[in-house]
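Residue numbers (the numbering used here), protein chains in the order written: chain A, 193 to 416; chain B, 193 to 416.
Protein chains: 2
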Amino acid sequence: MIQPEILCQSPIFRGISPNDLQELFRQIHYQVKTYQKNDLITMAGDVCDRLLIIQEGSVKAEMTDYSGKTIKIEDMAAPWPLATAFLFGKENRFPVTVSATSDVEMVSIPKPEFVKMLQLNALILNNYLNTISSRAQFLSQKLKFLSFKTIKQKIAHYLLEKAGDRLQTVEVQQSQGQLAEMFGVTRPSLARTLGEMVQEGLIETDRRFIKILDKNRMNQLLMG
Amino acid sequence: MIQPEILCQSPIFRGISPNDLQELFRQIHYQVKTYQKNDLITMAGDVCDRLLIIQEGSVKAEMTDYSGKTIKIEDMAAPWPLATAFLFGKENRFPVTVSATSDVEMVSIPKPEFVKMLQLNALILNNYLNTISSRAQFLSQKLKFLSFKTIKQKIAHYLLEKAGDRLQTVEVQQSQGQLAEMFGVTRPSLARTLGEMVQEGLIETDRRFIKILDKNRMNQLLMG
DNA sequence: TTTGTAATGTAACGAATGTTACAAACTGAA
DNA sequence: TTCAGTTTGTAACATTCGTTACATTACAAA
Numbered sequence: 193m194i195q196p197e198i199l200c201q202s203p204i205f206r207g208i209s210p211n212d213l214q215e216l217f218r219q220i221h222y223q224v225k226t227y228q229k230n231d232l233i234t235m236a237g238d239v240c241d242r243l244l245i246i247q248e249g250s251v252k253a254e255m256t257d258y259s260g261k262t263i264k265i266e267d268m269a270a271p272w273p274l275a276t277a278f279l280f281g282k283e284n285r286f287p288v289t290v291s292a293t294s295d296v297e298m299v300s301i302p303k304p305e306f307v308k309m310l311q312l313n314a315l316i317l318n319n320y321l322n323t324i325s326s327r328a329q330f331l332s333q334k335l336k337f338l339s340f341k342t343i344k345q346k347i348a349h350y351l352l353e354k355a356g357d358r359l360q361t362v363e364v365q366q367s368q369g370q371l372a373e374m375f376g377v378t379r380p381s382l383a384r385t386l387g388e389m390v391q392e393g394l395i396e397t398d399r400r401f402i403k404i405l406d407k408n409r410m411n412q413l414l415m416g
Numbered sequence: 193m194i195q196p197e198i199l200c201q202s203p204i205f206r207g208i209s210p211n212d213l214q215e216l217f218r219q220i221h222y223q224v225k226t227y228q229k230n231d232l233i234t235m236a237g238d239v240c241d242r243l244l245i246i247q248e249g250s251v252k253a254e255m256t257d258y259s260g261k262t263i264k265i266e267d268m269a270a271p272w273p274l275a276t277a278f279l280f281g282k283e284n285r286f287p288v289t290v291s292a293t294s295d296v297e298m299v300s301i302p303k304p305e306f307v308k309m310l311q312l313n314a315l316i317l318n319n320y321l322n323t324i325s326s327r328a329q330f331l332s333q334k335l336k337f338l339s340f341k342t343i344k345q346k347i348a349h350y351l352l353e354k355a356g357d358r359l360q361t362v363e364v365q366q367s368q369g370q371l372a373e374m375f376g377v378t379r380p381s382l383a384r385t386l387g388e389m390v391q392e393g394l395i396e397t398d399r400r401f402i403k404i405l406d407k408n409r410m411n412q413l414l415m416g
């Protein structure tokens, strides 16, 4: 029923041979459920007490707002695991409604069985811990970035991070537009702020190359 | 050397009896290190390849900015674990410099040994997974909150979340000032916006009680 | 070279929010 | 009650940023 060659491509089972994976699944209880296109797989608010991995097909995650309208959040396809961040932790309910966008095969492992799996295989344990930890780290970085209120601060943080120790010209790979989107601001606002920083003697710009002229004053911007 | 009665208060060892914990520690390699006040414990950038738990005393975490100045981030005391989010994941380096603010005893468990521990004891495994997952969930919530640009949106989201299904008066436990801090805005701005929403017929306010009058229009605010 | 398209610089205006200041209302203790 | 401290309402002004529009520059294909 399970397809080890597919599942071992999943971030959780990465590095495990299909044979070992097959053997592992023999030691635990699990289900393989099939869904047809447009079938509901989980509802927002459902308790998340089992690990779900897409073995075949693709699904979409939607969120219902308070007035009942649905907004698509994400598309996922095999061999991806669903909602790994909500299997453990305080708030272990699905935040989204998941439904099939094609015929789907889903491997469902009850939480206690998955815990057993983690104990049986150190590689899976590491993979899973890495998955959640990386997510937390990613979110933490993103949050730190958003904590800078002004565009000037965001630019300063970005450039100082990118420059590291060296007092050199930084090459920005992205266009102004992409940079603006990353900062969550509009393109003209970014351009204006860059212009202001040039006038203030903080930086020099030449197309995609930016030179930091006054590291100390840049830092002071980040303090407020 | 280790003090099981203290360590089992730690979120990671919660629910384990001191005896069981003692027995567990017998099966793995670990160190107990002592530091004097003001000693450096870890430097920002150090590879985080061991779990550190404060067994006695207190420490502070500081971050060095790009110009070399240090900013205090956090204070921690026994029996708290350090940097649980950085033991696994892609970026497993300490983001902060940790130093002792009193005489400190620190239990140091190498990562492979801690993994062994997780495999030996399902409760510790659950505790650790819960710790990281809760953190990711917390950050995710915070991030979602910050994604609302205007104060009106933040208020709407907060109230709708708090109200749930019922169309009732919501009691806000916090003062306007605390609420403002939570939203990352200033108190007068929050008060002004609340006033505007009253005038627009969206809500009614009476001290710490807020009544939602028009749920649909509140939702439309969140769409933009 | 010419030409079209994308990227960039710039300006004017308006909306949202911060800043500062002060008055009114509430709260709890003397 | 009275009074001090806290919370809340409100106003004027400054700042930041988004919006829109347009000119300029770079770049690559014809």
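Each residue gets a CB set at the ideal place from its N, CA and C atoms; glycine is no exception.
Does A:Leu335 come within less than 8 Å of chain B when only Cβ atoms are used? Judged by the 8 Å Cβ criterion, A:Leu335 is in contact with chain B.
Going by beta-carbon coordinates alone, are A:Gln345 and A:Leu413 separated by less than 8 Å? If you check the CB distance, A:Gln345 and A:Leu413 come in under 8 Å.
Three-state secondary structure (DSSP) at A:Lys225? In this structure, A:Lys225 counts as strand in the three-state DSSP scheme.
Chain-ordered residues of the region 269-287 of chain B with a beta carbon less than 9 Å from chain A: Residues of the region 269-287 of chain B with a Cβ closer than 9 Å to any Cβ of chain A, in chain order: Thr276, Ala277, Phe278, Leu279, Phe280, Gly281, Lys282, Glu283, Asn284 and Pro287.
Determine, using beta carbons only, whether B:Ala253 comes closer than 8 Å to chain A. No, no contact with chain A.
Exposure of B:Gln370, with buried meaning 16 or more beta-carbon neighbours within 10 Å: Counting Cβ neighbours within 10 Å, B:Gln370 comes out exposed, since fewer than 16 surround it.
Looking at C-alpha atoms only, which residue of A:Ser294, A:Leu216 and A:Ser209 is the closest neighbour of A:Ile233? The shortest CA-to-CA distance from A:Ile233 to any of A:Ser294, A:Leu216 and A:Ser209 is the one to A:Ser294.
Is the Cβ-Cβ distance between B:Leu382 and B:Gln368 less than 8 Å? Judged by their CB atoms, B:Leu382 and B:Gln368 are nearer to each other than the 8 Å cut-off.
Consider the Cβ of A:Pro381: report whether some Cβ of chain B lies at a distance smaller than 8 Å. Rather than Pro, the amino acid found at residue 381 of chain A in this sequence is Ser. Taking Cβ atoms only, chain B never reaches closer than 8 Å to A:Ser381, which makes this a no.
Straight-line gap, A:Pro326 to A:Leu352 (C-alpha atoms, nearest Å): Here residue 326 of chain A turns out to be Ser, not Pro, going by the sequence shown. Going by the C-alpha atoms only, they are around 23 Å apart.
May I ask which residues mark the beginning and end of the alpha helix (DSSP H) holding A:Ser367? Counting along the chain, A:Ser367 falls outside any alpha helix (DSSP H), and DSSP gives it neither H nor E.
Any 3 or more C-beta pairs closer than 8 Å across the region 288-306 of chain A and the region 238-257 of chain A: Yes, since at least three Cβ pairs between the region 288-306 of chain A and the region 238-257 of chain A fall closer than 8 Å, the two stretches touch.
List the DSSP bridge partners of A:Leu413. A:Leu413 is not bridged to any residue.
What does DSSP give as the partner residue(s) for A:Glu297 in the beta ladder? The partner list for A:Glu297 (beta bridge, DSSP) reads A:Thr226 and A:Glu248.
Just the Cα atoms here: how many angstroms apart are A:Tyr227 and B:Glu388? Cα-Cα distance, rounded: 48 Å.
In terms of DSSP beta bridges, what is B:Glu396 paired with? According to DSSP, which records beta bridges pairwise, B:Glu396 is partnered with B:Lys403.
Nearest-angstrom Cβ-Cβ length linking B:Arg335 and A:Leu335, presumed shorter than 8 Å: For the record, residue 335 of chain B in the displayed sequence is Leu; it is not Arg. Contact annotation, B:Leu335 with A:Leu335: C-beta distance approximately 6 Å; criterion of less than 8 Å satisfied.
Check whether A:Asn319 and A:Ile204 have beta carbons under 8 Å apart: Annotated as proximal: A:Asn319 and A:Ile204, with beta-carbon spacing under 8 Å.
With a threshold of 16 other CB atoms inside 10 Å of the CB of A:Thr342, please say whether the residue is buried or exposed. By the neighbour-count criterion, in which a residue is buried when 16 or more other Cβ atoms sit within 10 angstroms of its Cβ, A:Thr342 is exposed.
Between the C-alpha atoms of A:Asp398 and A:Gln366, what's the straight-line distance to the nearest angstrom? Approximately 14 Å, taken between the alpha carbons.
Distance check for B:Val239 and B:Pro287, CA to CA, integer angstroms please. Rounded to the nearest whole angstrom, the CA to CA distance from B:Pro287 to B:Val239 is 10 Å.
Helix, strand or coil at A:Asp238 according to DSSP, with G and I counted as helix: In the structure shown, A:Asp238 sits in coil (DSSP, three-state: anything other than H, G, I, E or B).
A:Ala269 classed as buried or exposed, judged by whether at least 16 other C-beta atoms fall within 10 angstroms: Using a 10 angstroms sphere on the CB of A:Ala269, the tally of other CB atoms stays under 16, which defines it as exposed.
Which chain B residues sit within Cβ distance under 7 Å of A:Arg327? Result: Ala328.
What do you reckon, are the CB atoms on A:Glu283 and A:Ile265 nearer than 8 Å? No, the Cβ-Cβ distance between A:Glu283 and A:Ile265 is not below 8 Å.
Nearest-angstrom Cα separation, counted from B:Leu216 out to A:Arg206: For A:Arg206 and B:Leu216, the distance between alpha carbons rounds to 29 Å.
Using 8 Å as the limit for Cβ to Cβ distance, is A:Leu216 near chain B? No, A:Leu216 does not count as interfacial toward chain B.
Taking the alpha carbon of B:Lys354 as the point to measure from, which residue in B:Lys407, B:Val377, B:Leu310 and B:Arg384 has its own alpha carbon closest? The option with the nearest alpha carbon to B:Lys354 is B:Lys407.
Please return the same chain residues whose Cβ sits closer than 7 Å to the Cβ of B:Phe306, not counting the five positions on each side in sequence. So the qualifying residues of the chain are Leu243.
B:Arg206 (DSSP reduced to helix, strand or coil): DSSP, read as helix, strand or coil, puts B:Arg206 in coil.
Compare the C-beta of B:Gln201 with all C-beta atoms of chain A and state if any pair is closer than 8 Å. Answer no: the Cβ-Cβ gap between B:Gln201 and chain A never drops below 8 Å.
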